[in-house]
Amino acid sequence: MRSIVWFRGKDLRVADHGPLVEAAASGEVIPLFVLDPYFFAPERARDLPHRMQFLLASLAELAATLAGLGSRLLVVPGRSVEVVPRLAALWQADQVLAHRWVEPFARERDRRVAAALGRDGVAFRCFEGETLLPPGSVRTGQDGMFRVFTPFARACSARLDLQAPLAAPRRLPPLPPGLPVETVAIPTVAALGLVPNPALQTGGEAAGQGRLRAFVDGALAGYGEGRDRMDQAGTSRLSADLKFGTLSVRTVWQAVAAAAAGADGRAYLNELLWREFSHHLLHAWPELLTQPFRPAFQGFPWREDEATWTAWVEGRTGYPVVDAAARQLLAEGFVHNRARMVAASFLTKHLLLDYRRGEAHYLRWLTDGDWAANSSGWQWSAGCGCDAQPWFRIFNPVAQGQRFDPDGAYVRRWVPELAAYPTACVHEPWKAPAALQAQSGYPAPVVVHALARARFLDTAKAHLGRPALLY
DNA sequence: TTATTATTTTG
DNA sequence: AAAATAATA
Numbered sequence: 179m180r181s182i183v184w185f186r187g188k189d190l191r192v193a194d195h196g197p198l199v200e201a202a203a204s205g206e207v208i209p210l211f212v213l214d215p216y217f218f219a220p221e222r223a224r225d226l227p228h229r230m231q232f233l234l235a236s237l238a239e240l241a242a243t244l245a246g247l248g249s250r251l252l253v254v255p256g257r258s259v260e261v262v263p264r265l266a267a268l269w270q271a272d273q274v275l276a277h278r279w280v281e282p283f284a285r286e287r288d289r290r291v292a293a294a295l296g297r298d299g300v301a302f303r304c305f306e307g308e309t310l311l312p313p314g315s316v317r318t319g320q321d322g323m324f325r326v327f328t329p330f331a332r333a334c335s336a337r338l339d340l341q342a343p344l345a346a347p348r349r350l351p352p353l354p355p356g357l358p359v360e361t362v363a364i365p366t367v368a369a370l371g372l373v374p375n376p377a378l379q380t381g382g383e384a385a386g387q388g389r390l391r392a393f394v395d396g397a398l399a400g401y402g403e404g405r406d407r408m409d410q411a412g413t414s415r416l417s418a419d420l421k422f423g424t425l426s427v428r429t430v431w432q433a434v435a436a437a438a439a440g441a442d443g444r445a446y447l448n449e450l451l452w453r454e455f456s457h458h459l460l461h462a463w464p465e466l467l468t469q470p471f472r473p474a475f476q477g478f479p480w481r482e483d484e485a486t487w488t489a490w491v492e493g494r495t496g497y498p499v500v501d502a503a504a505r506q507l508l509a510e511g512f513v514h515n516r517a518r519m520v521a522a523s524f525l526t527k528h529l530l531l532d533y534r535r536g537e538a539h540y541l542r543w544l545t546d547g548d549w550a551a552n553s554s555g556w557q558w559s560a561g562c563g564c565d566a567q568p569w570f571r572i573f574n575p576v577a578q579g580q581r582f583d584p585d586g587a588y589v590r591r592w593v594p595e596l597a598a599y600p601t602a603c604v605h606e607p608w609k610a611p612a613a614l615q616a617q618s619g620y621p622a623p624v625v626v627h628a629l630a631r632a633r634f635l636d637t638a639k640a641h642l643g644r645p646a647l648l649y
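Heads up: the first sequence begins at 179 in the numbering used here, then just goes up one per residue.
As structure tokens, this is what we get:
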């Protein structure tokens, strides 16, 4: 049996890799990565600088790891739907093994690849592993899909009889001799027209394993409280590893569960279930990437206003947490989750701008930018998603800052104009002495919180109807 | 059994 | 208010 193991950018590892283990157990193995112009065309790559840097580093390490195991990663440019069937025929492969992706465009890609391979009698086998449980397999008592997180999480927990993660192969068979190859080198960041950014997380499976160990030995104890603190390193920082599969979600789950961290561990596993929920939702409702889940939000009168949009993007709204989030995103491709929520709430509610603009901006600049998680997070924040925050709940960016960045360290780090502001007003800089405000250059707020809040409530009430009186 | 209604729950 | 489930006819 000769198998192509098709690595595809969401499983850049050798540990807990079902297709690799299966291929190695059944005979000859040809590891393949396709540089699809869908992602790697220079104009596309320039649009995704942070993700591209992490991906290329992970890919280079994967190639080295596979070489160390006695195999070799073949990197081929071209459109997946064309390249994979052609190579399978050229290499006389019996089967192509890969991990299933949940996104609608990826499912279409796989459907077309499977059809083309099938015409040549080559099997295409998609393995689970992107999620803890197969999307669509977690059902309500009435056999429907869950639309509310907590019952979904309960149903997941009831059947999380996960197998132990698969060990990495200790050896792989060499590439079949005499294979016609047309490979290229893994491109560098610079070759794609990007400037390397040393502030980004380091890609690769080894760095991911290191981050997992550091989290389990460190911030996990105290996660329940620490995860909300924007000024502390209280979160896992594993989102990019989960996005690119340098860690499998099952590996992360098992490591945290085995740490027996009590309530802190459960709090983190709950976050993994939010990721799980977003993937299962996107599988059931592919239109979530373009449409609000709640039909009442169709045609919502989002404003079109380039001035406030640009202020939000560049971190010049005059609200410190919102601006810190914006600048952290552009600088290091990561934003603390609470700052993400505050920034998203501010864009959609205070500025009344379409959540899809923010969603696209975050997807472009986040190293961990993941279609399912990003989309469901933005819809949740905007109030139009599955089990979303009710639309009449509006984050107060000042209160959020005072509570979860009490010393102002987070906002001062990312908004240096605030360095000299007294802590008492670092989240309300308009209350600082006028001379300090003038000298710092930090902008006045683009909207007044109370007025913006009232404007959103009026707009939403007119479009969506009365809010619930209770709840 | 299954459809309907009541109750509980809800990031 | 809406979803999920439990209770009931």
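For each residue, glycine too, the CB sits at the ideal point set by N, CA and C.
As assigned by DSSP and simplified to three states, the class of residue i
i, result
"V394", "helix"
"V624", "coil"
"R229", "helix"
"H457", "helix"
"P607", "helix"
"L213", "strand"
"C334", "helix"
"Q567", "coil"
"P221", "As written in the sequence, residue 221 is Glu, which differs from the Pro given in the question. If DSSP states are grouped into helix, strand and coil, E221 belongs with the helices."
"S181", "strand"
"L647", "For L647, the pLDDT reaches just 44, beneath the cut-off of 50, and the residue's location in the model is therefore unreliable, leaving the point undetermined."
"E206", "strand"
"V508", "Contrary to the premise, residue 508 reads as Leu rather than Val in this sequence. Note: L508 maps to helix in three-state DSSP."
"F478", "coil"
"F302", "strand"
"R317", "strand"
For residue j and residue i, believed in contact at Cβ under 8 Å, the rounded distance
i, j, result
"L340", "G386", "At roughly 19 Å, the Cβ-Cβ gap does not stay under 8 Å, so L340 and G386 are not in contact."
"C562", "F471", "6 Å"
"L460", "V280", "5 Å"
"E308", "K188", "6 Å"
"G382", "E606", "That belief does not hold up - the Cβ atoms of G382 and E606 are roughly 42 Å apart, past 8 Å."
"S559", "T526", "6 Å"
"G496", "V576", "Contact doesn't hold; Cβ gap of about 11 Å is too wide."
"A223", "G371", "7 Å"
"R389", "D419", "6 Å"
"L338", "R250", "With 8 Å as the limit, L338 and R250 do not qualify as a contact, their Cβ atoms being about 36 Å apart."
"P175", "L596", "Because the chain spans 179 through 649 in this model, residue 175 falls outside it and cannot be assessed."
Host alpha helix (DSSP H) of residue i (start-end)
i, result
"V491", "484-492"
"F283", "282-297"
"R518", "515-523"
"R534", "533-543"
"R581", "575-582"
"R591", "587-592"
"A560", "549-560"
"S258", "258-268"
"G404", "401-404"
"L614", "612-618"
Range covered by the beta strand (DSSP E) that runs through residue i
i, result
"H277", "273-277"
"P255", "252-255"
Query raised in the report: With a cut-off of 8 Å, do at least 3 Cβ pairs link the stretch 496-508 to the stretch 586-600?
Result: Touching, yes.
Query raised in the report: Is the number of C-beta pairs between the stretch 435-445 and the stretch 394-404 that are closer than 8 Å three or more?
Result: yes
Query raised in the report: Is the stretch 321-329 in contact with the stretch 195-212, if contact means three or more CB pairs nearer than 8 Å?
Result: no
Query raised in the report: Taking three-plus beta-carbon pairs below 8 Å as touching, is the stretch 633-640 in contact with the stretch 594-610?
Result: no
Query raised in the report: Hey, which unbroken runs of the beta strand (DSSP E) at 3 residues or more fall wholly within the stretch 416-467?
Result: List check, beta strand (DSSP E) in window: nothing returned.
Query raised in the report: Do the stretch 551-567 and the stretch 579-586 touch if we need at least three Cβ pairs shorter than 8 Å?
Result: no
Query raised in the report: So does the stretch 253-269 actually touch the stretch 282-297, counting three or more Cβ pairs closer than 8 Å?
Result: yes
Query raised in the report: With contact counted as at least three CB pairs below 8 Å, one residue from each stretch, are the stretch 223-232 and the stretch 539-549 in contact?
Result: Between the stretch 223-232 and the stretch 539-549 there are three or more inter-stretch CB-CB distances shorter than 8 Å, so the stretches are counted as touching.
Query - Cβ contact check for the stretch 195-206 and the stretch 264-277: 3 or more pairs under 8 Å - result: Result yes; three or more Cβ-Cβ pairs closer than 8 Å.
Requested in this report: Kindly confirm or deny that the stretch 524-534 and the stretch 380-397 touch, where touching means at least three C-beta pairs closer than 8 Å.
Outcome: no
Query raised in the report: At a cut of 8 Å, does the stretch 624-631 reach the stretch 453-469 through at least three beta carbon pairs?
Result: Contact between the stretch 624-631 and the stretch 453-469 is absent: fewer than 3 CB-CB pairs across the two stretches fall below 8 Å.
Query - Stretch-stretch touch, CB-based, cutoff 8 Å, three pairs: the stretch 554-573 with the stretch 487-497 - result: No: fewer than three Cβ pairs fall under 8 Å.
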